[in-house]
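Trainee: Counting from 1, one number per residue, gives the positions in the sequence shown under the working numbering.
By construction, the Cβ of each residue, glycine as well, lies at the ideal position given by its N, Cα and C atoms.
Bear in mind the structure is a predicted one, so any value in this text is a computation, not a measurement.
Encoded as structure tokens, here's the structure I'll be asking about.
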Amino acid sequence: MPSSSVLLTDEDRALLLKVSSLLEEIIETLDILENEDAMKSIKEAEEDVKAGRVRSYSEFLKELKKSGEI
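Below, the structure written as structure tokens:
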């Protein structure tokens, strides 16, 4: 069987990289969606945000420094 070659343009390569990246993101999303523990944690986090049980990043860092964790 004769071998054949395919020439890709720079635009084709860029598009293939983008498609590859998007497919990777979809697979990661599907992995999370089928992970019951992860989905439960996400729902709990969303409830915390709605209830106002949040703090800023700078407040979080201050707490970690105060406790000696960083």
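For K65 and V54, I'd like the C-alpha separation in whole angstroms.
Mentor: Taking the straight line joining both Cα atoms gives about 18 Å.
Trainee: Could you tell me which whole alpha helix (DSSP H) segments of length 4 or greater appear in the segment 2 to 54?
Mentor: For the segment 2 to 54, whole alpha helix (DSSP H) runs of length 4 or above, ordered along the chain, are 10 to 33 and 36 to 51.
Trainee: Between which two residues does the alpha helix (DSSP H) carrying E69 extend?
Mentor: First-last for E69: undefined, no H or E at that position.
Trainee: Straight-line CA distance for I26 to I70?
Mentor: So the alpha carbons of these two residues sit roughly 35 Å apart.
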